[in-house]
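Just so you know, the protein sequences line up as chains A and B, in that order. Using my numbering, read the first sequence as starting at 725 and increasing by one per residue. Using my numbering, read the second sequence as starting at 725 and increasing by one per residue. We treat Cβ as the ideally placed atom computed from N, Cα and C, and that holds for glycine.
2 protein chains.
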Amino acid sequence: MLLTAQTNAISLKAKLFRGFSDPSRLSILECLLDGPRNVSEIVAATDLSQPNASNHLACLRDCGLVTAAQEGRYVYYRLSDDRVANLLTLADEVLAEVARGVYECTRVSQT
Amino acid sequence: MLLTAQTNAISLKAKLFRGFSDPSRLSILECLLDGPRNVSEIVAATDLSQPNASNHLACLRDCGLVTAAQEGRYVYYRLSDDRVANLLTLADEVLAEVARGVYECTRVSQT
DNA sequence: ATATTATATAATTATATACTGATATGTTTA
DNA sequence: TAAACATATCAGTATATAATTATATAATAT
Numbered sequence: 725m726l727l728t729a730q731t732n733a734i735s736l737k738a739k740l741f742r743g744f745s746d747p748s749r750l751s752i753l754e755c756l757l758d759g760p761r762n763v764s765e766i767v768a769a770t771d772l773s774q775p776n777a778s779n780h781l782a783c784l785r786d787c788g789l790v791t792a793a794q795e796g797r798y799v800y801y802r803l804s805d806d807r808v809a810n811l812l813t814l815a816d817e818v819l820a821e822v823a824r825g826v827y828e829c830t831r832v833s834q835t
Numbered sequence: 725m726l727l728t729a730q731t732n733a734i735s736l737k738a739k740l741f742r743g744f745s746d747p748s749r750l751s752i753l754e755c756l757l758d759g760p761r762n763v764s765e766i767v768a769a770t771d772l773s774q775p776n777a778s779n780h781l782a783c784l785r786d787c788g789l790v791t792a793a794q795e796g797r798y799v800y801y802r803l804s805d806d807r808v809a810n811l812l813t814l815a816d817e818v819l820a821e822v823a824r825g826v827y828e829c830t831r832v833s834q835t
């Protein structure tokens, strides 16, 4: 049962990370860093088609990264938690570190 | 050109997150939280087949989440940066928050 | 009531991804 | 030198995923 619990925890976590693992969804999340946006604003900011943006927003809601609030005919999406923003920032730091490692590696190999 | 730079940054970030977005790779990363491991140790800890573990390790190296160091016939893998561990921890916190939101939502809807 | 706007959903298609089994390559041991 | 061990790679297959087009649904304006 413990193995099952661990397995489920890992599956849930993988699902959460899958939310971040597509360029379209990432661009939506980064658009929301500046605050809540409706679908048309997200479409304009990301250059995605409206059905494509809607599909990805459904996926992001499903894995818990965004929440939706309807105001009349507009649906406003926002990041579900400040730590979603933290994950994006941390990823940038890891990427910078990885890029630095690759650069240093390149210099050493030229010696 | 700025648009291209942003697009590339987003693609790289998506690729980094793709490293986390599969249960097999996640279980490998979590195994490495305790320190460097060789392939056989990882295979034992994760119950993956050896070629499968090897494929995923190649993917994790490729997106910069782990580094490899050969010592004789053994290749030792480790997390490339402490922030990789931080990403895993932060994801747990987001998941806990999401789960709490879902639980509260369930209670409200039973009213 | 109808038209317009905003958004979600369905069906289809193309592409990407994950696993297995077989096998290749490199290191150590006998 | 050959066998054993550790690991990487390849080919094939099955499944998952992303985008598009068409369309449905809901809210607002006329």
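Within chain B, partners of residue i - CB distance below 8 Å
i             : result
residue 736/A : 819
Anticipated Cβ contact below 8 Å, residue i with residue j, distance rounded
i             : j             : result
residue 798/A : residue 760/A : The pair is not a contact, with the Cβ atoms about 10 Å apart (cut-off 8 Å).
residue 751/B : residue 734/A : 6 Å
Cα-Cα separation between residue i and residue j, rounded to whole angstroms
i             : j             : result
residue 737/A : residue 784/B : 16 Å
residue 782/B : residue 741/B : 15 Å
residue 743/B : residue 789/B : 7 Å
residue 838/B : residue 753/A : The requested residue 838/B does not occur in the structure, where chain B is confined to residues 725 to 835.
residue 746/A : residue 779/A : 12 Å
residue 833/A : residue 796/B : Any reading at residue 833/A needs caution, since the residue's pLDDT is 40, under 50, leaving its predicted position unreliable; the model's value is listed next. Approximately 22 Å between the Cα atoms of the pair.
residue 762/B : residue 771/A : 44 Å
residue 786/B : residue 805/A : 30 Å
residue 821/A : residue 739/A : 25 Å
residue 831/A : residue 818/A : Caution applies to residue 831/A, whose pLDDT of 48 falls short of 50 and renders its modelled position unreliable; the value that the coordinates give is listed next. The alpha-carbon atoms of residue 831/A and residue 818/A are separated by roughly 20 Å.
residue 732/A : residue 775/B : 24 Å
residue 748/A : residue 811/A : 17 Å
residue 813/B : residue 815/A : 13 Å
residue 803/B : residue 755/B : 10 Å
residue 764/A : residue 823/A : 35 Å
residue 808/A : residue 768/B : 33 Å
residue 792/B : residue 766/B : 13 Å
residue 729/B : residue 729/A : 41 Å
Proximal chain A residues relative to residue i, where beta-carbon distance stays under 8 Å
i             : result
residue 781/B : The contacting residues do not exist; residue 781/B stays about 16 Å from chain A at best.
residue 799/B : Neighbours of residue 799/B on chain A: none; closest Cβ ~17 Å, over 8 Å.
Amino acids of chain A, ordered along the chain, whose beta-carbon sits closer than 7 Å to that of residue i
i             : result
residue 742/B : 745
Under 9 Å by beta carbon: chain B residues contacting residue i
i             : result
residue 815/A : 737, 740, 741, 807, 811
Under 7 Å from the C-beta of residue i: neighbouring residues of chain B
i             : result
residue 751/A : 734
Contact list for residue i against chain A, beta-carbon separation under 9 Å
i             : result
residue 804/B : 818, 821, 822, 825
| Which runs of the beta strand (DSSP E) fall wholly inside the segment 755 to 833 of chain A and span at least 3 residues, in chain order? | With a minimum length of 3 residues, the continuous beta strand (DSSP E) runs that stay inside the segment 755 to 833 of chain A are 790 to 795, 798 to 803.
| Which ranges would you report for the alpha helix (DSSP H) in the segment 729 to 757 of chain B if only whole runs of at least 4 residues count? | List check, alpha helix (DSSP H) in window: 747 to 756.
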